[in-house]
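Colleague: What follows is a single structure, and I will ask about it in a moment.
2 protein chains.
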Amino acid sequence: MTIFEESIAAHESSNGKLSVASRVPLNDNHDLAVYYTPGVAEVCREIARDPARARTLTLKHNTIAVISDGSAVLGLGNLGAAGAIPVMEGKAILFKKFADVDAFPICLDTQDTEEIIKAVKNIAPVFGGINLEDIAAPKCFEIERRLKHELNIPVVHDDQHGTAVVVLAALINALRLKNLDAEKAQIVINGAGAAGTAIAELLLAYGVKKIIVCDSQGIIHKTRKDLSDVKMLLAQITNEKNIEGTLADAVQNADIFIGVSVAGALTQDMVRQMAKDPIIIAMANPVPEIMPDEALAAGAFIVATGRSDFQNQINNVLAFPGIFRGALDNGITEITNSMFVTAAKNLAACVPEPTREKIIPSPFDAAVVPAVARAMVA
Amino acid sequence: MTIFEESIAAHESSNGKLSVASRVPLNDNHDLAVYYTPGVAEVCREIARDPARARTLTLKHNTIAVISDGSAVLGLGNLGAAGAIPVMEGKAILFKKFADVDAFPICLDTQDTEEIIKAVKNIAPVFGGINLEDIAAPKCFEIERRLKHELNIPVVHDDQHGTAVVVLAALINALRLKNLDAEKAQIVINGAGAAGTAIAELLLAYGVKKIIVCDSQGIIHKTRKDLSDVKMLLAQITNEKNIEGTLADAVQNADIFIGVSVAGALTQDMVRQMAKDPIIIAMANPVPEIMPDEALAAGAFIVATGRSDFQNQINNVLAFPGIFRGALDNGITEITNSMFVTAAKNLAACVPEPTREKIIPSPFDAAVVPAVARAMVA
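So the protein lines, in turn, are chains L and G. Number 235 in the numbering used here belongs to position 235 of the first sequence; there are no gaps in the numbering. Number 1347 in the numbering used here belongs to position 347 of the second sequence; there are no gaps in the numbering.
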């Protein structure tokens, strides 16, 4: 039985993965009077007088929404709202398991930017945070930016920032093993969607100076005429020497390759053109930009992928539970890149003695969530 | 300590009432691979191919939304979205306790009819049903009608239909005790909002012939110029003799008074003007249209209220858990008045030997939910 067959069978037998539970007893009429009518009327009045009291008197204190429009589900493309449910439901139970955050999946039956923004704003009152998920670029940038501005609860597009935090954590330990300063490291990011863009921005915030970003058309540079607004911004803040060319040109003498693109995008020849002992973080799913054994054979010093069956798995679950645990506990209304940098540093430090085979901790390491959560302070 | 003080303290110490829970194990990397990536990808693809599979592979099979805009919270008026959370959260845990339905509270930050409809449609994909709650009349009628038409899952405005089912159940047993035929009974309904309108319609569907409905301006009749569309329809289907006047005129010789109005609306003098041995169902909350001791002193045969501290409590919790349990189990996409009538009959039959002091079962009677659920068949 493949993992896919096993997954279908497991979902079928459990009828889904999430349920709700009561946090209070409901055993007699007195309980009904306390937690429902008539007692609840006073709780409603109290919150109507002072809406901030919803944080202490309702589920809002520990509940977030995991929201997708199904436009970019995993690496599968646009599956629509129903097709996104299993991922959002899965994230919700991971939030609960790893960080005791009560998360509820919401899949939106619209893929229009303005309708998505309006729907999220309209359902926000019961939630203490919003995790956006699997929303296609470039609309994901506008949606996150607007919601961060218009809501007073934390809003995080996890495909951007969760990924960026874990990549930076892995990079911190990899650079330490190579004894290379971040500001001297020459980094190529292949892929300029949600993840690639956020990774570039977070590496810059960390202090990296030399980044070249490629998309499917090659190196992103200031003279290209085909760039979206977000890619034009990337052209401004990366590629200082304004190099033109293909991915093969970009990786010449690079120390680090970060792939958030497609299977097989990085060849062994390209790895051989990189600087000595290169670091390869190849996150295309399920088949990475280059397979670990091929990369190592071509001279790679450290290889990481998104897969659980190879060492050094770059997995968002290392970031998102702690990010919202910390934001909820500390009453953070907006999460900044500076907090994400600290989260990545703390996450890297969860592996006190990194090796080439272990630059990143396991999600089951109990130190992970508190380390990330600790970074969510104003 | 009053029940209100006790309720505030209890909500404060529990930090709300609802949490989420995982239905599956998440103990190692293999569990992550089965319930999250990479295995979940196949579940997403399966649902994208056949959206109906969401019913067997996701939480949708057992999950409903409890949705309000906070425009008519209990009897407290327009408290807004945040002020409605404690009631919606309370309903959600009652759904779980009494019928093992997973219900999640959604409070909408809009009170515009079209925006409410759009928001509910947009978040519908993860839900197997929609329970609308505490939305003011008359917009509640339009919202429910449109959503029933535009969604392929059951949509029930509980303030209308839940209330109507329980009132009809109580009435069935009260008429039996009085040995009076439904079609001969003269009934006055005071209150023409969501509940009053639905009660009138359901009593007619059951076979009642003689109903007069009053609002704050008196008897609803065809010659009034101040009627909304819904009240004009009520004038067509009730008050056959087109009587005009006040509530005091309406109750002359009536057998049954049903109040969904305001404290003190029914006086002892009015009760004395009713037919012999009248039935009084006075549901204004928290203070009924007439207190039970006063009604009995004025000659009432049976008195019911909405309160848990008096006998014969008319409580929606007798209806809504079973309605959605049955709809989910039987794959019902639209619930009809005929199903609601059957539900009321089944609910009445849960008290095999009704007495003046007990015309309706307790919510803790284990027979209640199955009896109501059994009525949800096409």
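Even glycine gets a Cβ: it sits at the ideal position worked out from N, Cα and C. These numbers come from a predicted model, not from an experiment.
What is the C-beta distance between L:Ile64 and L:Val101, in whole angstroms, given that I count them as a contact (C-beta under 8 Å)?
Modeller: Between L:Val101 and L:Ile64 the Cβ distance is about 6 Å, and since that is below 8 Å, they are a contact.
Colleague: In the DSSP assignment, find the beta strand (DSSP E) that holds L:Val188 and state where it starts and stops.
Modeller: Residues Gln186 to Asn190.
Colleague: Ordered along the chain, which non-local residues of its own chain (more than five positions away) have a Cβ less than 8 Å from that of G:Ile1047?
Modeller: So the qualifying residues of the chain are Arg1053, Ala1054, Leu1057 and Thr1058.
Colleague: Can you give the beta carbon distance from G:Ala1124 to L:Asp329, rounded, assuming they're within the 8 Å contact cut?
Modeller: In fact, because the Cβ distance is near 32 Å, the residues do not count as touching under 8 Å.
Colleague: Provide the residue(s) that pair with L:Asp215 in DSSP beta bridges, ordered along the chain.
Modeller: For L:Asp215, which the question treats as bridged, DSSP gives the partners L:Gly218.
Colleague: Closest to L:Pro382 by C-alpha separation, out of L:Glu334, L:Gly77, L:Ile281 and L:Ile314, would be which residue?
Modeller: Summary: the structure shown does not reach residue 382 of chain L, with chain L confined to residues 1 through 378, and so no result is reported for it.
Colleague: Would L:Leu26 count as contacting chain G if we go by Cβ distances under 8 Å?
Modeller: For L:Leu26, the answer is yes, since a Cβ of chain G falls inside 8 Å of its Cβ.
Colleague: So, does the CB of G:Cys1107 fall closer than 8 Å to a CB anywhere in chain L?
Modeller: Closer than 8 Å: yes.
Colleague: Take every Cβ of the segment 1175 to 1187 of chain G, pair it with every Cβ of the segment 1253 to 1268 of chain G, and state whether three or more of those distances are shorter than 8 Å.
Modeller: Touching, yes, given that three or more Cβ pairs across the two stretches are closer than 8 Å.
Colleague: Determine which residues share a DSSP beta bridge with G:Ser1022 and list them.
Modeller: Paired residue(s): L:Leu18.
Colleague: Is it true that the CB of G:Gln1268 sits closer than 8 Å to the CB of G:Ala1382?
Modeller: Coverage of chain G is limited to positions 1001 through 1378, which leaves residue 1382 of chain G absent and any answer about it impossible.
Colleague: Would you mind sorting L:His149 into buried or exposed? The rule is 16 or more other CB atoms within 10 Å of its CB.
Modeller: So L:His149 counts as exposed.
Colleague: Grouping DSSP H, G and I as helix and E and B as strand, with all else coil, what is L:Ile67?
Modeller: The answer is strand: DSSP assigns L:Ile67 an E or B state.
Colleague: Assign G:Ile1067 to buried or exposed, taking buried as 16 or more other Cβ atoms, counted over all protein chains shown, within 10 Å of its Cβ.
Modeller: So G:Ile1067 counts as buried.
Colleague: In three-state terms, what does DSSP make of L:Gln236?
Modeller: Reduced to three states, the DSSP call for L:Gln236 is helix.
Colleague: Answer with yes or no whether the minimum CB distance from G:Ser1014 to chain L is below 8 Å.
Modeller: Yes, its Cβ sits closer than 8 Å to a Cβ of chain L.
Colleague: Touch check for the segment 200 to 211 of chain L and the segment 167 to 176 of chain L: three-plus C-beta pairs under 8 Å?
Modeller: Touching, yes.
Colleague: Give me the DSSP bridge partner(s) of G:Thr1355.
Modeller: In the DSSP output, where bridge partners are listed per residue, G:Thr1355 has G:Lys1358.
Colleague: For L:Val303, write down the residues that DSSP places opposite it in a beta bridge.
Modeller: DSSP output for L:Val303 lists L:Ile280 as bridge partner(s).
Colleague: Label G:Ser1261 either buried or exposed according to how many other C-beta atoms from any shown protein chain fall within 10 Å of its C-beta, with 16 as the threshold for buried.
Modeller: Result: buried.
Colleague: With a 10 Å radius around its C-beta and 16 neighbouring C-beta atoms as the bar for buried, classify G:Asp1215 as buried or exposed.
Modeller: Buried is the call here.
Colleague: Would you please verify whether the beta carbon of L:Asp102 is less than 8 Å from any beta carbon of chain G?
Modeller: Closer than 8 Å to some Cβ of chain G, the Cβ of L:Asp102 qualifies, so yes.
Colleague: So, for G:Val1230: in the same chain, excluding its five sequence neighbours on each side, which residues have a beta-carbon less than 7 Å away from its beta-carbon?
Modeller: Here the set comprises Pro1138, Phe1141 and Thr1197.
Colleague: Tell me, please, whether the CB atom of G:Asn1029 is closer than 8 Å to any CB atom in chain L?
Modeller: Closer than 8 Å to some Cβ of chain L, the Cβ of G:Asn1029 qualifies, so yes.
Colleague: Does G:Val1377 pass the burial test, meaning 16 or more other C-beta atoms within 10 Å, or should it be called exposed?
Modeller: Under this definition G:Val1377 is an exposed residue.
Colleague: If you follow the beta strand (DSSP E) that L:Pro105 is part of, which residue opens it and which one closes it?
Modeller: Taken as a continuous stretch (DSSP letters only), the beta strand (DSSP E) holding L:Pro105 covers Asp102 to Cys107.
Colleague: With a threshold of 8 Å between beta-carbons, can G:Ala1194 be considered close to chain L, or not?
Modeller: No, G:Ala1194 does not count as interfacial toward chain L.
Colleague: Is the shortest distance between the beta-carbon of G:Leu1059 and the beta-carbons of chain L less than 8 Å?
Modeller: Closer than 8 Å: yes.
Colleague: Counting pairs of Cβ atoms below 8 Å between the segment 1015 to 1023 of chain G and the segment 15 to 25 of chain L, do you hit three or more?
Modeller: The segment 1015 to 1023 of chain G is in contact with the segment 15 to 25 of chain L.
Colleague: Just to confirm, is the Cβ distance from G:Gly1218 to G:Thr1246 under 8 Å?
Modeller: Yes; because the gap between Cβ atoms is below 8 Å, this pair is in contact.
Colleague: Would you call the CB atoms of G:Ile960 and L:Ala33 closer than 8 Å?
Modeller: Outside the modelled stretch of chain G, which goes from 1001 to 1378, sits residue 960 of chain G, for which no answer is possible.
Colleague: Does G:Pro1286 have its Cβ less than 8 Å from a Cβ in chain L?
Modeller: It does: the Cβ of G:Pro1286 has a partner Cβ on chain L nearer than 8 Å.
Colleague: Measuring CB to CB, does G:Ile1258 end up less than 8 Å from G:Ile1237?
Modeller: Cβ atoms of G:Ile1258 and G:Ile1237: not closer than 8 Å.
Colleague: Chain G partners of L:Val162, CB-CB under 9 Å?
Modeller: The identity of residue 162 of chain L in the sequence shown is Gly, whereas the question assumes Val. The contacting residues do not exist; L:Gly162 stays about 13 Å from chain G at best.
Colleague: For the alpha helix (DSSP H) that G:Gly1259 lies in, which residues bound it at each end?
Modeller: Unbroken run through G:Gly1259 is the beta strand (DSSP E), Ile1256 to Gly1259; no alpha helix (DSSP H).
Colleague: The beta strand (DSSP E) that contains L:Ile130, what's its start and end?
Modeller: Taken as a continuous stretch (DSSP letters only), the beta strand (DSSP E) holding L:Ile130 covers Gly129 to Leu132.
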